[in-house]
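Q:
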Amino acid sequence: MSHIAFLGLGAMGSRMAANLLKADQAVTVWNRSREPAARLGELGASLAATPRAAAAGARIVISMVTDDAASRDVWLHADTGAAASLEPGTIAIEASTVTPVWIGELAQAVHAKGAAFLDAPVAGSRPQAEAGQLIFLVGGEAAVFDRIKPLLEIMGGAVHHVGRLGQGAVFKLAVNALFGIQVAALGELLGFLGRAGLDRARAVGILSSLPITSPAAAGTAELMMAGNFAPMFPIDLVEKDFGYALESAQAVGASLPTTDAVRRIYAEARLKGHGGDNIAGVVQLFT
Ligand SMILES: NC(=O)c1ccc[n+]([C@@H]2O[C@H](COP(=O)([O-])OP(=O)(O)OC[C@H]3O[C@@H](n4cnc5c(N)ncnc54)[C@H](OP(=O)(O)O)[C@@H]3O)[C@@H](O)[C@H]2O)c1
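Last residue of the sequence shown: number 893 in our numbering, and the count goes up by one each step with no gaps.
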C-alpha cells in the first residue's frame with residue numbers, strides 16, 4: 607500500500623481516485639471546492655485542507671486539474687502548493703492535459719526538492735476513467751516509470767512510456783487534435799449530407815461501417831444523431847487542448863494548419879454557448 611495524495615477531483619480525478627481506493631490504496635484527497643472531496647471521503651479517502659497538506663508525507667502525489675494555470679496553483683501556490691511538501695524519493699505525477707513548457711517549469715520545482723517527476727496525461731474519457739481503462743501516455747525517466755507503472759495500471763488499461771519528460775504532454779495533445787479534427791469533420795459533413803437531402807441516420811450507419819471512420823468518431827457520430835451532448839469531453843477542454851497543441855507546435859517549429867483551422871471551429875462553438883457540451887455538440891454549428 608502506498609500513501610498517495612490525489613489533487614483535483616473533477617470528472618476525471620474523482621473517478622481515478624475512487625479506483626485507487628477500491629484497490630485498497632491509502633489516498634489523501636484535496637479539491638478546490640469541498641463537495642467532491644467529501645464524496646471521496648465517504649469511499650475511504652482522508653481529506654486534506656490544501657494540496658500542501660495532502661502531499662505532506664505522501665510517497666506519490668498525483669494532480670488532475672483543468673489546465674496549466676490550475677496545475678500551477680496546485681503545485682506552486684506560495685502558501686498552499688504541493689511542491690513544498692515533496693521530499694527526496696517522492697514521485698510527483700502531473701496527469702492533467704497541460705503544455706510541455708509548463709511540465710518543464712514544474713519539473714525544475716519538483717527536482718529542486720529531490721523528488722522524481724513524470725507527466726502522465728490520459729486518453730479516454732469519463733467511462734474509461736470510471737472503469738479503470740484509461741490509457742496513460744507517460745514522459746520521464748524509465749526507472750521512475752517502471753516504479754510507478756503498477757499503480758497507474760490500477761487506473762488504466764494501458765500505460766505507455768512515450769519518451770522523456772514533457773513528451774507525454776506532447777503526445778496527448780497530438781491524440782486530442784487527431785480526435786477533435788475527426789469529430790469536427792464529421793459534424794460538418796453530416797451537415798452537408800443532411801442539406802443535400804440524404805438521410806443522416808442512415809449515412810452515419812454506413813460511414814461507421816467503413817474503415818475510414820475510427821471507432822471513436824463512429825461513437826461520437828451516434829451521439830450527434832441522438833442529440834446527446836451531455837458532457838464527457840467538454841468543448842471548453844477540447845478548445846483548450848487545441849490551443850496548447852498549437853502553442854507547443856510553434857515552440858518546436860512544427861506546422862499544424864489543420865489543427866489551427868479546427869481550433870477556430872471549437873472556439874466558435876464556445877462563443878455560441880456550447881462550451882459545456884460534449885465534443886459531439888460541435889455538430890450544432892452545422893445542423
Ligand atoms: N473530460 C475528459 O474526457 C478528459 C479526458 C482526458 C483528459 N482530460 C483532462 O483531464 C483534466 C481534468 O479534466 P476533467 O474532465 O476532470 O475536468 P473538470 O471536471 O472540469 O475538473 C477540473 C478540476 O480542476 C480543478 N481546478 C480548476 N481550476 C483550479 C485551480 N485554479 N486550482 C485548483 N483546482 C482547480 C477543479 O476544481 P473545482 O472542483 O473546485 O472546480 C476540478 O477538480 C484536464 O486537464 C482535461 O483536459 C479530460
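For glycine and all other residues, C-beta sits at the position ideal for the given N, C-alpha and C.
Does DSSP put His717 in a helix, in a strand, or in coil?
A: In the sequence shown, counting from the first residue as 1, residue 717 sits at position 111. Judged by DSSP in its simplified three-state form, His717 adopts helix.
Q: Ala655 and Thr634: beta carbons closer than 7 Å?
A: Along the sequence shown, one-based indexing puts residue 655 at 49. Along the sequence shown, one-based indexing puts residue 634 at 28. Not closer than 7 Å, so no.
Q: Once the 5 residues before and after Met607 are set aside, which same chain residues still bring their CB inside 8 Å of it?
A: Position 1 of the sequence shown, counting from 1, holds the residue named residue 607. For Met607, the pLDDT reaches just 45, beneath the cut-off of 50, and the residue's location in the model is therefore unreliable, leaving the point undetermined.
Q: By how many angstroms is the C-alpha of Gly710 removed from the C-alpha of Arg621?
A: Sequence index remark: in the sequence shown, residue 621 carries index 15 (1-based). Sequence index remark: in the sequence shown, residue 710 carries index 104 (1-based). Straight across, the Cα-Cα distance linking Arg621 with Gly710 is about 27 Å.
Q: Taking the CB atoms as reference points, tell me whether Tyr872 and Val844 lie closer together than 7 Å.
A: For this step, residue 872 is matched to residue 266 along the sequence shown. For this step, residue 844 is matched to residue 238 along the sequence shown. In this structure, Val844 lies closer than 7 Å to Tyr872 by Cβ.
Q: Given a threshold of 16 other Cβ atoms within 10 Å of its Cβ, counted over all protein chains shown, does Ser731 qualify as buried or as exposed?
A: Within the sequence shown, the letter at position 125 stands for residue 731. Around the Cβ of Ser731, a 10 Å sphere holds 16 or more other Cβ atoms; the residue is buried.
Q: Between Gly720 and Glu693, which are expected to be in contact by the criterion C-beta below 8 Å, what is the C-beta distance as a whole number of angstroms?
A: Working through the sequence shown from its first residue, we reach residue 720 at position 114. Working through the sequence shown from its first residue, we reach residue 693 at position 87. Their Cβ separation, rounded to whole angstroms, is 7 Å, which keeps Gly720 and Glu693 in contact under 8 Å.
Q: Roughly how many angstroms separate the alpha carbons of Arg645 and Ala860, rounded to a whole number?
A: Translated into positions along the sequence shown, residue 645 becomes position 39. Translated into positions along the sequence shown, residue 860 becomes position 254. So the alpha carbons of these two residues sit roughly 43 Å apart.
Q: Taking the straight line between their C-alpha atoms, what separation do you get for Leu796 and Asp847?
A: Numbered from 1 along the sequence shown, position 190 holds the residue referred to as residue 796. Numbered from 1 along the sequence shown, position 241 holds the residue referred to as residue 847. Their Cα atoms are separated by approximately 24 Å.
Q: Secondary structure at Pro840, three-state DSSP: helix, strand or coil?
A: Against the sequence shown, residue 840 aligns to sequence position 234. DSSP places Pro840 in strand when its eight states are reduced to three.
Q: Is Asp674 helix, strand or coil by DSSP?
A: Your numbering for residue 674 matches position 68 in the sequence shown. Here DSSP, grouped into helix, strand and coil, assigns Asp674 to helix.
Q: Assuming the contact rule is C-beta atoms closer than 8 Å, Ala689 and Val671 should be a hit. Round their C-beta distance to whole Å, please.
A: Along the sequence shown, one-based indexing puts residue 689 at 83. Along the sequence shown, one-based indexing puts residue 671 at 65. With a Cβ gap of about 14 Å, Ala689 and Val671 do not count as contacting.
Q: Do Ala684 and Phe723 count as a contact pair if the criterion is CB distance below 7 Å?
A: Position 117 of the sequence shown, counted from the start, is the residue given in the question as residue 723. Position 78 of the sequence shown, counted from the start, is the residue given in the question as residue 684. No.
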